[in-house]
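A.B. asks: Before I ask anything, here is the structure I am working with.
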Amino acid sequence: MKISKFLAVAVLGLSIVSCGQQVKTVSSLETELDSVSYAMGLNMANQFKNNFSEVKKEVFFQGLTNGLDSTNLLLEDKDVRNTLNAYFQKKQQEKMKEQQAKAAEKAEKEFGEYKKQNEAFLEANKSKDGVKTTESGLQYIVIKEGNGESPKATDGVSVHYKGTNIDGVEFDSSYKRNKPYELKANQFVSGFSEGLQLMKTGAKYKFFIPQELAYKAQARGKDIKPFSALIFEVELLEVKK
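As structure tokens, this is what we get:
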């Protein structure tokens, strides 16, 4: 549930509930206004049940009452939105992690064999001549050293690259577009970003990026399957501060 939507529901509640007013129980809806009023109450309840089932009713209604009275406030105004934002961002992150875990489990069942093939490729590749491996697992070959500066994570870079999977199928190439690609060094997949920071301007490297440093269990188009290792030939043309 978006925080703005949650706040709208809360504000609606504040506008409906009046300070110190006894709630009258009705057994039937006699007028159109009765029906609309009751429907609004049910709608609020459904919003909370569907998106905030953990709500503590007693504390919630105390907050409504205190807010209308402007007395005995347990939170200052400046803390209200921060409290709500922090909570719902945390819940959203938890939900995203749960969804990612389910997607990874599904991908493991469908692409488990392909994952093993990629792992076997990298295991064999790391012992080949010229291949270096970083602590994170990134493998790379220096094709040509540069003599300029190395980019920091937040620097802009201009690069030419060609990307393939372990079967040699090309999925992207700035060379074919005849135009260098420009982005901040930390805005690529993490393995690519790490490799860039090892280079100096004018260098050309070849990266072998494990799926953990790339797209993990996610697919990217028809040529990047879940758990794909990515292979890039990269030229660092310019570092932009």
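With the first letter of the sequence shown counted as 1, position 108 gets the number 108 in the UniProt record's numbering; the numbers rise by one all the way through. For every residue, glycine included, the Cβ atom is placed at its ideal position computed from N, Cα and C. What you are looking at is a predicted structure, and each value in this text was computed from that prediction instead of being measured.
In chain order, what residues of the same chain have a beta carbon less than 7 Å from the beta carbon of residue 180, not counting five sequence neighbours either side?
C.D. replies: 158, 159, 160, 174 and 237.
A.B. asks: What residues match up with residue 34 in a beta bridge as DSSP calls it?
C.D. replies: None, per the DSSP bridge assignment.
A.B. asks: By alpha-carbon positions, which one of 192, 215, 89 and 189 ends up nearest to residue 104?
C.D. replies: Of the listed residues, the one whose Cα sits closest to residue 104 is 215.
A.B. asks: Counting only the same chain and skipping the five closest in sequence on each side, list residues whose C-beta sits under 6 Å from that of residue 219.
C.D. replies: Result list for residue 219: 225 and 226, in chain order.
A.B. asks: Grouping DSSP H, G and I as helix and E and B as strand, with all else coil, what is residue 126?
C.D. replies: Correct three-state label for residue 126: coil.
A.B. asks: Could you check which residue in 123, 52 and 116 has the C-alpha nearest to that of residue 88?
C.D. replies: Taking only the C-alpha atoms, the option nearest residue 88 is 52.
A.B. asks: With a threshold of 16 other CB atoms inside 10 Å of the CB of residue 194, please say whether the residue is buried or exposed.
C.D. replies: Buried, since its Cβ has 16 or more Cβ neighbours within 10 Å.
A.B. asks: Buried or exposed for residue 188, please, with buried defined as at least 16 other CB atoms from any protein chain shown within 10 angstroms of its CB.
C.D. replies: Answer is buried; the Cβ neighbour count reaches 16.
A.B. asks: Quick check on the DSSP output: the beta strand (DSSP E) that includes residue 161 runs from which residue to which?
C.D. replies: Where residue 161 is concerned, the enclosing beta strand (DSSP E) stretches over 156-164.
A.B. asks: To the nearest angstrom, how far is it from the Cα of residue 70 to the Cα of residue 61?
C.D. replies: Computed Cα separation, rounded: 14 Å.
A.B. asks: Using only the alpha-carbon positions, how far apart do residue 48 and residue 109 sit?
C.D. replies: Distance between the alpha carbons of residue 48 and residue 109: 36 Å.
A.B. asks: Please report how far the alpha carbon of residue 100 lies from the alpha carbon of residue 31, in whole angstroms.
C.D. replies: Near 48 Å, if we compare the C-alpha coordinates of residue 31 and residue 100.
A.B. asks: Count the other CB atoms within 10 Å of the CB of residue 36; is the residue buried (16 or more) or exposed (fewer)?
C.D. replies: By the neighbour-count rule (16 or more Cβ atoms within 10 Å), residue 36 is not buried but exposed.
A.B. asks: Give the secondary structure of residue 174 by DSSP, where H, G and I count as helix, E and B as strand, and everything else as coil.
C.D. replies: It is helical.
A.B. asks: At which residues does the alpha helix (DSSP H) containing residue 196 begin and terminate?
C.D. replies: 190-196 is the span of the alpha helix (DSSP H), which, as asked, contains residue 196.
A.B. asks: Do you know how far the Cα of residue 164 is from the Cα of residue 170?
C.D. replies: Their backbone Cα atoms lie some 4 Å apart in a straight line.
A.B. asks: Should residue 211 and residue 228 be called a contact, given that it needs their Cβ atoms to be closer than 8 Å?
C.D. replies: Contact: yes.
A.B. asks: Can you give me the start and stop residues for the alpha helix (DSSP H) that residue 26 sits inside?
C.D. replies: Residue 26 -> no alpha helix (DSSP H), and no H or E assigned at all.
A.B. asks: So residue 156 and residue 203 are in contact, right, with Cβ under 8 Å, and what is the actual spacing, rounded?
C.D. replies: Not really, about 17 Å apart at Cβ, beyond 8 Å.
A.B. asks: From residue 172 to residue 162, what distance separates their C-alpha atoms?
C.D. replies: So the two alpha carbons sit approximately 6 Å from each other.
A.B. asks: For residue 232, name the three-state secondary structure that DSSP assigns.
C.D. replies: Residue state, collapsed to three classes: strand.
A.B. asks: Taking the alpha-carbon positions, what's the residue 29 to residue 38 distance?
C.D. replies: Each residue's alpha carbon lies about 8 Å from the other.
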